[in-house]
Amino acid sequence: DQQVKQNSPSLSVQEGRISILNCDYTNSMFDYFLWYKKYPAEGPTFLISISSIKDKNEDGRFTVFLNKSAKHLSLHIVPSQPGDSAVYFCAASSFMDSNYQLIWGAGTKLIIKP
Amino acid sequence: DSGVTQTPKHLITATGQRVTLRCSPRSGDLSVYWYQQSLDQGLQFLIQYYNGEERAKGNILERFSAQQFPDLHSELNLSSLELGDSALYFCASSVTGEANSPLHFGNGTRLTVT
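For the protein sequence lines, the chains are C and G, in the order given. When we follow my numbering, the leftmost residue of the first sequence carries the number 20, and every step to the right adds one. When we follow my numbering, the leftmost residue of the second sequence carries the number 194, and every step to the right adds one.
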């Protein structure tokens, strides 16, 4: 039972354009969402997060949008740069069994074409 | 550099053997997590410790065990190894272990079971 789904295994975008990475979730109890970026041979790196009480959070070229009614969040990168080529993971958190549980999507590989 | 150190980087061993993976968290972080990533799949949460105590358990097999020591470093022990245990094992740390405390990942230990 995948509670967090990233339905696109890969995405190819032209340099300078907008990259939009999507993530869907099923559990309405999730209260915090995070995006991580991963380069080959390295561990994931935290990128940006959003609380469920907000619908948008922006940090430089990165913006995360949350649509709670649709149980959908998206990460926008604009403009896309070659260094953005990586695997992007969406993760969602909820408080269960006296602890925060973090559930991860399978990742989307973003390729920025020059 | 995330500040999280994992050793060794690579490990090749035979089926039936036992190995120990080591993790030193980022300075000041009290919580340590272990994740498994198999063949370009998503991150599977194994176990979390906070200040020496087990806090949460994920999909960790009974053949696997972990602990966090008083100096906050952690070890993941994998025994009776099977071919299917070949994977990247990541350690991550965070300050509080709560949802709004992003994880900082090491670069992983690649385990190959032959």
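Ideal placement from N, C-alpha and C gives every residue a C-beta, glycine not left out.
Report the partner residues of residue i according to the DSSP bridge assignment.
i: C:Met115; result: C:Asn118
i: C:Phe84; result: C:Lys75 and C:Ser93
i: C:Val106; result: C:Lys57 and C:Lys128
i: C:Ile39; result: C:His95
i: G:Thr206; result: G:Val306
i: C:Ser31; result: C:Ile130
i: C:Thr64; result: C:Lys56
i: G:Thr289; result: G:Thr289 is not bridged to any residue.
Are the Cβ atoms of residue i and residue j separated by less than 8 Å?
i: G:Ser217; j: G:Val197; result: yes
i: G:Gly281; j: G:Arg303; result: Per the sequence shown, the amino acid found at residue 281 of chain G is Leu instead of Gly. For G:Leu281 and G:Arg303, yes; Cβs fall inside 8 Å.
i: C:Leu40; j: C:Ser88; result: no
i: C:Val83; j: C:Ile72; result: no
i: C:Ala125; j: C:Tyr58; result: no
i: G:Ser321; j: G:Gly299; result: Residue 321 of chain G cannot be examined here, being either before or after the span of chain G that is shown, 194 to 307.
i: G:Thr208; j: G:Leu254; result: no
Determine the extent of the beta strand (DSSP E) in which residue i is found, giving its start and end residues.
i: C:Thr45; result: Careful: C:Thr45 lies outside any beta strand (DSSP E) and carries neither H nor E.
i: G:Thr213; result: Val212 to Ser217
i: G:Ala259; result: Phe257 to Gln261
i: G:Lys250; result: Glu246 to Lys250
i: G:Ser267; result: Ser267 to Leu271
i: G:Gln229; result: Ser224 to Gln230
i: G:Leu239; result: Gln237 to Tyr243
i: G:Gln199; result: Thr198 to Thr200
Three-pair Cβ contact test at 8 Å for the stretch 256-272 of chain G versus the stretch 101-116 of chain C
no
I'd like to know if the stretch 125-132 of chain C and the stretch 97-106 of chain C are in contact, where contact means that at least 3 CB-CB pairs between them fall below 8 Å.
Yes: the two stretches touch, three or more of their Cβ pairs being nearer than 8 Å.
Is the stretch 50-62 of chain C in contact with the stretch 291-300 of chain G, if contact means three or more CB pairs nearer than 8 Å?
yes
Identify each residue in the stretch 232-244 of chain G for which the Cβ-Cβ distance to at least one residue of chain C is less than 7 Å, and report them in chain order.
Gln234, Gly235, Leu236 and Phe238
So if I threshold CB-CB distances at 9 Å, which residues from the stretch 91-104 of chain C count as touching chain G?
none
Give me the subset of the stretch 291-302 of chain G whose CB atoms are less than 8 Å from a CB atom of chain C, sorted by chain position.
Glu291, Ala292, Asn293, Pro295, Leu296, His297, Phe298, Gly299, Asn300 and Gly301
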